[in-house]
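Trainee: Let me give you the structure first, and then I'll get to my questions.
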Amino acid sequence: MRNEPAASCLTSLPAADEGDASSDVIPEAWNRATLRTWLLAKGDPQQRLFAAAREARRTAFGDRVIVRGLVEVTNLCRVNCEFCPMRRDNTRENKIFELSETQILESAAEIKRCGINIVFFQAGEVKRTTQIVGSVLPKIRAMFDGRVELLLCLGNKSEEEYRYLKNQGATSYILKHETSDPQLNEKMRHSSFANRIESLKTLVRTGYKAGTGAIVGLPGQTIESLADDLLLARDLGAHMVSASPFIPAPDTPLAQYPPGDVSITLNFIALARLMSPRWLIPSVSALETRRNGGQSAGLAAGANVLTVNFTPINERENYLIYGKDRYIVRNDHVNEIVANSGLERAASVFV
Ligand code: SF4
Numbered sequence: 072m073r074n075e076p077a078a079s080c081l082t083s084l085p086a087a088d089e090g091d092a093s094s095d096v097i098p099e100a101w102n103r104a105t106l107r108t109w110l111l112a113k114g115d116p117q118q119r120l121f122a123a124a125r126e127a128r129r130t131a132f133g134d135r136v137i138v139r140g141l142v143e144v145t146n147l148c149r150v151n152c153e154f155c156p157m158r159r160d161n162t163r164e165n166k167i168f169e170l171s172e173t174q175i176l177e178s179a180a181e182i183k184r185c186g187i188n189i190v191f192f193q194a195g196e197v198k199r200t201t202q203i204v205g206s207v208l209p210k211i212r213a214m215f216d217g218r219v220e221l222l223l224c225l226g227n228k229s230e231e232e233y234r235y236l237k238n239q240g241a242t243s244y245i246l247k248h249e250t251s252d253p254q255l256n257e258k259m260r261h262s263s264f265a266n267r268i269e270s271l272k273t274l275v276r277t278g279y280k281a282g283t284g285a286i287v288g289l290p291g292q293t294i295e296s297l298a299d300d301l302l303l304a305r306d307l308g309a310h311m312v313s314a315s316p317f318i319p320a321p322d323t324p325l326a327q328y329p330p331g332d333v334s335i336t337l338n339f340i341a342l343a344r345l346m347s348p349r350w351l352i353p354s355v356s357a358l359e360t361r362r363n364g365g366q367s368a369g370l371a372a373g374a375n376v377l378t379v380n381f382t383p384i385n386e387r388e389n390y391l392i393y394g395k396d397r398y399i400v401r402n403d404h405v406n407e408i409v410a411n412s413g414l415e416r417a418a419s420v421f422v
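The working numbering applies: residue 72 is where the sequence shown begins, and numbers increase by one.
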């Protein structure tokens, strides 16, 4: 089901003295030009944008932050994304790992012990994850007596594979489109953008709670295409949307480029919240990598999801999604920033 935009929040923001923020409902405002302006907001207008986003979150979810437990299954990947150290060209240099079923089940048990009921499996894009993850899903569902969200982020797969994983118990699936600019997308991912979008449509059609997301600040990206990222997520009928600042990771062709702008990333989050108040929007670890306190800033901009890393400690350092310096989110960090934001931890909304 499509989430309806809270256009009033956006259209009432331009001037502080315009009065009641909920008085105008002008859906036409959700266009490229308006989004472009707000993506660039700074100073007082930006603070009002964030305040409106927090209010939209409060109305939709209360003061709650949904907490996920992440397990990274393998760092092997057949794709060659320009921005990722786990890209195919680095396979020989990287220390490749693949979790055993025992390691996966132990990680899931640890997630349960921490009171989290979203088990999130992420991996590089390789065919074998369909079997590896598919075979453990029923066991994890049984471990939680059925009261669990099984969230996957395993890359492009066939419709048959998506259906198999769903039949095994998967609830939700994240497949980030990364950038809605078709030329830039294919330049960055060396893979078909049209197929990616078709996969997202397939996920929605087959009954997954589907997530997408964008990288902010890729070399050659325009602000207009970031506006398009938001419109695309809405048009796809996504249930979850993310924005991550670009991290120029070592051992990638983009290592020498400047990082993505945190302020624009936060504006993207706030606009996403206002565009579709029921979206699940994470405050991603890349925000913390880019700026101390970045994930708290994400919550202050309207995000409502945090992810704790439960990958076995000796394999975490080999999951090089942003290079070796990525910020590993632990349970106590999540407790601290949730409490400091005046919010409370919450369970899956899809169970
Ligand atoms: S971003 Fe994902 S699909 Fe692209 S190379 Fe890295 S792990 Fe593979």
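Heads up, the beta-carbon is just placed ideally off N, CA and C, and yes, glycines get one too.
For VAL405, does the three-state DSSP call read helix, strand or coil?
Mentor: Taking the sequence shown and counting its residues from 1, the one referred to as residue 405 is at position 334. Helix at VAL405.
Trainee: Would you say the beta carbon of GLY288 is closer than 7 Å to some non-hydrogen atom of the ligand SF4?
Mentor: Residue 288 sits at position 217 when you count from the first residue of the sequence shown. GLY288 Cβ: outside cutoff for every heavy atom of the ligand SF4.
Trainee: Short of 8 Å in beta carbon distance, which residues of its chain neighbour GLU415, apart from the five on each side in sequence? Order them along the chain.
Mentor: Within the sequence shown, the letter at position 344 stands for residue 415. The residues are ASP134, ARG135, VAL136, VAL409.
Trainee: DSSP state of THR273, grouped into three classes?
Mentor: As a position in the sequence shown, residue 273 is number 202, starting the count at 1. Here THR273 sits in helix by DSSP.
Trainee: Residues in the same chain with beta-carbon distance under 6 Å from GLY331, minus the five sequence neighbours each way, listed in chain order, please.
Mentor: Sequence index remark: in the sequence shown, residue 331 carries index 260 (1-based). These residues qualify, in order along the chain: VAL287, GLY288, PRO316, PHE317.
Trainee: Quick one: Cα of VAL144 to Cα of ARG401, how far?
Mentor: Position 73 of the sequence shown holds residue 144. Position 330 of the sequence shown holds residue 401. Rounded to the nearest angstrom, the two C-alpha atoms are 18 Å apart.
Trainee: Between the C-alpha atoms of THR105 and ILE399, what's the straight-line distance to the nearest angstrom?
Mentor: In the sequence shown, counting from the first residue as 1, residue 105 sits at position 34. In the sequence shown, counting from the first residue as 1, residue 399 sits at position 328. C-alpha separation (whole angstroms): 35 Å.
Trainee: Relative to the ligand SF4, what is the chain-ordered list of residues with a Cβ closer than 5 Å to any of its non-hydrogen atoms?
Mentor: Of all residues, those with a beta-carbon under 5 Å from at least one heavy atom of the ligand SF4 are CYS148, VAL150, CYS152, CYS155, MET157, ARG158, GLY195, GLU196, reported in chain order.
Trainee: Does DSSP classify THR105 as helix, strand or coil?
Mentor: The residue labelled residue 105 in the question sits at position 34 within the sequence shown. Looking at THR105 - three-state DSSP - the assignment turns out to be helix.
Trainee: According to DSSP, MET311 sits in a beta bridge with which residue or residues?
Mentor: To locate residue 311, count along the sequence shown from 1; it is residue 240. MET311 is bridged by DSSP to GLY282, LEU351.
Trainee: Which residues does DSSP pair with PRO316 in a beta bridge?
Mentor: The residue labelled residue 316 in the question sits at position 245 within the sequence shown. PRO316 is bridged to VAL287.
Trainee: Which same chain residues, not among the five before or five after THR250, have their C-beta less than 8 Å away from its C-beta?
Mentor: Position 179 of the sequence shown, counted from the first residue, corresponds to residue 250. Result list for THR250: ASN256, MET259, ALA285, ILE286, LEU289, GLN292, SER296, ASP300, in chain order.
Trainee: Name the residue from VAL379, ILE245, ILE211 whose alpha carbon lies nearest to the alpha carbon of LEU307.
Mentor: As a first step, residue 307 must be located in the sequence shown, where it is residue number 236. With distances taken between Cα atoms, LEU307 lies closest to ILE245.
Trainee: Around the Cβ of THR130, are there at least 16 other Cβ atoms within 10 angstroms (buried) or fewer (exposed)?
Mentor: Residue numbering aside, residue 130 sits at position 59 when the sequence shown is read from its first letter. Answer is exposed; the Cβ neighbour count stays below 16.
Trainee: Here's the rule I'm using: 16 or more other beta-carbon atoms within 10 Å means buried, otherwise exposed. How should PRO353 be labelled?
Mentor: Reading the sequence shown from its first residue, position 282 is the one you call residue 353. It counts as buried.
Trainee: By Cβ distance below 6 Å, which residues in the same chain neighbour ASN380 in space, the five residues on each side in sequence not counted?
Mentor: If you number the sequence shown from 1, residue 380 lands on position 309. Same-chain partners within the cutoff: LEU141, ILE399, VAL400.
Trainee: Hey, out of GLY195, SER229, PHE191, VAL197, whose CA is closest to GLU220's CA?
Mentor: Position 149 of the sequence shown holds residue 220. That would be PHE191, whose Cα lies nearest to the Cα of GLU220.
Trainee: According to DSSP, what are the bridge partners of CYS152?
Mentor: As a position in the sequence shown, residue 152 is number 81, starting the count at 1. Residue pairing by DSSP places CYS152 in no beta bridge whatsoever.
Trainee: Does DSSP classify TYR233 as helix, strand or coil?
Mentor: Start at 1 with the first residue of the sequence shown, and residue 233 comes out as number 162. The answer is helix: DSSP assigns TYR233 an H, G or I state.
Trainee: Which residues in the same chain have their Cβ closer than 6 Å to the Cβ of PRO324, if we skip the five residues on either side of it in sequence?
Mentor: Taking the sequence shown and counting its residues from 1, one reaches residue 324 at position 253. Excluding sequence neighbours, PRO324 sits near GLU153.
Trainee: Please look up how many angstroms separate the CB atoms of GLY365 and VAL333, rounded, as I've assumed it's under 8 Å.
Mentor: Position 294 of the sequence shown, counted from the first residue, corresponds to residue 365. Position 262 of the sequence shown, counted from the first residue, corresponds to residue 333. With 8 Å as the limit, GLY365 and VAL333 qualify as a contact, their Cβ atoms being about 6 Å apart.
Trainee: Please report how far the alpha carbon of ARG344 lies from the alpha carbon of ASN375, in whole angstroms.
Mentor: By one-based count along the sequence shown, residue 344 stands at place 273. By one-based count along the sequence shown, residue 375 stands at place 304. For ARG344 and ASN375, the distance between alpha carbons rounds to 9 Å.
Trainee: For TYR279 and LEU176, what's the separation of their Cα atoms in angstroms?
Mentor: Indexing the sequence shown from 1 puts residue 279 at position 208. Indexing the sequence shown from 1 puts residue 176 at position 105. Going by the C-alpha atoms only, they are around 23 Å apart.
Trainee: Does the distance from the CB of SER412 to the CB of SER356 come in under 8 Å?
Mentor: For the purposes of this step, residue 412 is taken as the residue at position 341 of the sequence shown. For the purposes of this step, residue 356 is taken as the residue at position 285 of the sequence shown. Contact flag unset, no.
Trainee: Based on the DSSP output, what are the partners of THR250 in its beta bridges?
Mentor: Here residue 250 refers to the residue found at position 179 when the sequence shown is read from its first residue. In the DSSP output, where bridge partners are listed per residue, THR250 has none listed.
Trainee: Give me the Cα-Cα distance between VAL150 and ARG125, rounded to the nearest whole angstrom.
Mentor: Reading the sequence shown from its first residue, position 79 is the one you call residue 150. Reading the sequence shown from its first residue, position 54 is the one you call residue 125. Spanning the two alpha carbons is a distance of roughly 37 Å.
Trainee: Just grab the DSSP bridge partners of PHE191 for me.
Mentor: Locating residue 191 in the sequence shown gives position 120, counting from the first residue. Bridge partners of PHE191: LEU141, LEU222.
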